[in-house]
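See below for the structure under consideration.
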Amino acid sequence: MDVRSLMRRSATFHADQLAVIEGDTRLTYRQAWTRGLRMANALQALGLEPGDRVAVLEDNTFESVDFFCGAAAANLVRVPLYPRNSREAHRHMLAHTGCRAVVVSQSHAEALAGIDAEVDSLEHIIVRGDDYEEWLAGFPDTDPDPVVNEDDYFIIRHTGGTTGPSKGVAYTHKTWLDAGRDWFFAFPPVQKGDVCQHAGPISHGSGYFFTPMWLCGGVNLLIKTFEPAEVVETMEREQVAYGFLVPTMLNAIARDETAAQRDWSKLKVLQIGGSPIADDTALLAREVFGDVLFQGYGQTEAVPITMMGPTEWFSEVEGSNPLRSAGRPLPFGDLAILDPDTQQELPIGGEGEIAIRCDGQMLGFWENEAATAERMHNGWVLSGDIGKLDANGYLYVLDRKDDMIISGGFNIWPAELENVLCDHPDVIEAAVFGVPSERWGESPYGVAMVAPGAHVTGDELVQLCADRLGSYKKPTAIELTTEPLPKSPVGKLARKELREPHWRGHDRRVAGN
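For the sequence shown, the numbering used here begins at 3 and goes up steadily by one.
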């Protein structure tokens, strides 16, 4: 099976049903697929052939569906670029995947202006300007119908690139479909007409939901920019049933002052992923939205591998703490905890590197054998995350391996401290990282975003950590701010950005004691 053929089949069976919503624009399946065919023919007219890589830089708009459908119909490989990335990052992604063309919205055109002179493979920059509709209508809506095999590449997504140039993770048609199947395996079934809101960009995690919704006859609702109050309003107005959110987004909409009074009777699933979630955020969101929260774990390299619905997430299980877990392994994947040094599997309860095997995993990084060798071991994808499994199969993600703080010989995981800080009612979000310490080598240090007018002090938060986790884990200080903490392009806390100033003048970012 391949994505193109299944999308085409759904467009035929659901031709006159609503497929896409963006603002005041509504497209039926027939309209959306027809626009996609015109885009496919436009790309072919440039000389692009099946298997060629074509990048796209855009926000969530109905025009983004043109490229999603068009690339599939022409059997071209989509390479999403990320609007919050630098020009250098765009150049790297274009060059190392050998993109021959890039489609860019008018709002982001300046970021790519003249970049074809900097990327040898890049031949065409297609700007969706004021004449875009006229330009698109100038191409036929006939189906180019190229041969598509399930092992053909469908999309190349990129890792966050927090430790160097981002790496490309290529999905074939089969692995993209497998990943979508596993995402939806534990969800309530999608009914025709169910609305899936993409509050996050479809170039990221929310994009995994686009294809399954299309194939089931659902509606993909695209949100151009994330403004919590507008998102909450749209969710109720459009009777949203499904959505993917990173914890920072869920936290923002759950705290909207109108959210608790709205009608969420159509809501089935709010899938939370991308980073660990604080207990208070999960509990508040459950109170506001009801029993609709699902949590999964995975990475661009292998996703998803665990899943947990609201019945499990907020239950009491002897020997486990589901609230602090990332769920249990899905039926069609495998999960192990490996010793980071020997890569031998650890017994239940052992803390080590999370390793994943699933149908939707990567075969390797795009044209990067060295990075592939570092992240794959005997068919396992090494996550770079430290975690543990309990006797009931619940996975606990303790932290990124390279974010671990070693203080006086003790391992301290930032996420553990961040959870405690976020339990305080005045703290909205928090980040903890290691800073140099003459006595201990390095020590935890925290930055907490608090609500305006909050009365809590940094010293009180330090004592809270000491009381909850022991004095050896308490931060040396907690810096307070009312500004949101920095995030990566995919919405994760950018601990390294906060940590870097504390390590200036050191030739390494770790310290001994």
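Quick reminder that beta carbons are idealized off the backbone N, C-alpha and C, glycines included.
Task: E462 Cβ short of 7 Å to the ligand HEM heavy atom set - done: No copy of the ligand HEM appears in this structure; indeed no ligand is present at all.
TODO: Indicate the three-state DSSP secondary structure (helix, strand or coil) for Y31 in the structure shown.
DONE: Secondary structure of Y31 (DSSP, three-state): helix.
Task: Pair within 8 Å by beta-carbon distance, Y299 and V271 - done: For Y299 and V271, no; Cβs fall outside 8 Å.
Open item on the list: Which residues does DSSP list as the beta-bridge partners of H126?
Closed with: Paired residue(s): A103.
- [ ] Return the residue from the list D132, H94, F141, A139 that minimises the CA-CA distance to D118.
- [x] Nearest neighbour of D118 by Cα position, chosen from D132, H94, F141, A139, turns out to be H94.
- [ ] Please report how far the alpha carbon of A139 lies from the alpha carbon of F186, in whole angstroms.
- [x] Rounded to the nearest angstrom, the two C-alpha atoms are 35 Å apart.
TODO: Pick out the complete beta strand (DSSP E) segments inside the stretch 314-344, 3 residues or longer, and give them in chain order.
DONE: Along the stretch 314-344, the beta strand (DSSP E) occurs as fully enclosed runs of 3 or more residues at 335-340, listed in sequence order.
Task: C-beta contact flag for D361 and D184 at 8 Å - done: Their beta carbons are under 8 Å apart, which means D361 touches D184 by this criterion.
Task: Same chain, Cβ closer than 6 Å to A57, five either side skipped, listed in chain order - done: V81, L83, L96, C101, V104.
Task: Within the stretch 37-118, ranges of the alpha helix (DSSP H) (whole runs, at least 4 residues) - done: Here the runs fully enclosed are 64-76, 89-98, 111-114.
Open item on the list: For F156, count the other beta carbons within 10 Å of its own beta carbon; 16 or more makes it buried, fewer makes it exposed. Which is it?
Closed with: It counts as buried.
TODO: Check whether the stretch 128-138 touches the stretch 25-45, counting contact only when three or more Cβ pairs, one atom from each stretch, lie closer than 8 Å.
DONE: Cβ pair count under 8 Å is three or more, so yes.
Task: Own chain residues within Cβ distance below 6 Å of V150, not counting five before or after - done: If we look at V150 and ignore the five residues flanking it on each side, its Cβ neighbours are D4, R6, N77.
TODO: Taking only the alpha-carbon atoms, compute the straight-line gap between C467 and V67 and give it to the nearest angstrom.
DONE: Distance between the alpha carbons of C467 and V67: 47 Å.
- [ ] Assign A115 to buried or exposed, taking buried as 16 or more other Cβ atoms, counted over all protein chains shown, within 10 Å of its Cβ.
- [x] Exposed is the call here.
Open item on the list: Just to confirm, is the Cβ distance from L295 to P312 under 8 Å?
Closed with: Yes, they are a contact pair.
Task: Whole beta strand (DSSP E) elements within the stretch 364-402, 3-residue minimum - done: Qualifying beta strand (DSSP E) stretches, in chain order: 382-391, 397-402.
Open item on the list: Taking 8 Å as the limit between beta carbons, can you name the residues of its chain near R28, skipping five residues before and five after?
Closed with: Correct list, in chain order: L20, V22.
- [ ] Following the continuous alpha helix (DSSP H) through I255, name the residue where it begins and the one where it ends.
- [x] 249-256 is the span of the alpha helix (DSSP H), which, as asked, contains I255.
- [ ] Measure the beta-carbon distance from G209 to M251 and round it to whole angstroms, keeping in mind my assumption that it falls under 8 Å.
- [x] Between M251 and G209 the Cβ distance is about 15 Å, and since that is not below 8 Å, they are no contact.
TODO: Count the C-beta pairs between the stretch 332-343 and the stretch 378-389 that are closer than 8 Å, then say yes if the count reaches three, no if not.
DONE: The way I'd put it, the stretch 332-343 does touch the stretch 378-389; three or more beta-carbon pairs between them come closer than 8 Å.
Open item on the list: So for K475, helix, strand or coil by DSSP?
Closed with: Reduced to three states, the DSSP call for K475 is helix.
Open item on the list: Can you tell me which residues form a DSSP beta bridge with P446?
Closed with: For P446, the beta-bridge partners assigned by DSSP are G436.
TODO: Mind checking who T308 pairs with in its DSSP beta bridge?
DONE: When beta bridges are read from the DSSP output, T308 appears opposite Y299, P331.
- [ ] Would you list the one or two residues that DSSP bridges to L20?
- [x] Paired residues: T30.
- [ ] Might you give, ordered along the chain, the residues of its own chain that have their beta carbon closer than 6 Å to the beta carbon of G436, omitting 5 neighbours on each side?
- [x] The residues are I407, E444.
Open item on the list: Quick check: what's the CA-CA separation for V492 versus A280?
Closed with: The alpha-carbon of V492 is positioned some 18 Å away from that of A280.
TODO: Give the straight-line distance between the Cα atoms of H160 and D196, rounded to the nearest whole angstrom.
DONE: H160 and D196: Cα-Cα distance of roughly 29 Å.
TODO: In the DSSP assignment, find the unbroken alpha helix (DSSP H) run with T14 in it and report its ends.
DONE: Unbroken alpha helix (DSSP H) run through T14: 5-15.
Task: Close-in-space but distant-in-sequence residues of the same chain around A261 (CB under 7 Å, 5 per side omitted) - done: Taking C-beta separations shorter than 7 Å and ignoring five residues to either side along the sequence, the partners of A261 in its chain run V234, I255, V290, following chain order.
Open item on the list: Contact defined as beta carbons within less than 8 Å: I believe H206 pairs with L223. What is the distance between those atoms, to the nearest angstrom?
Closed with: About 16 Å separates the CB atoms of H206 and L223; that is not less than 8 Å, and the two are not in contact.
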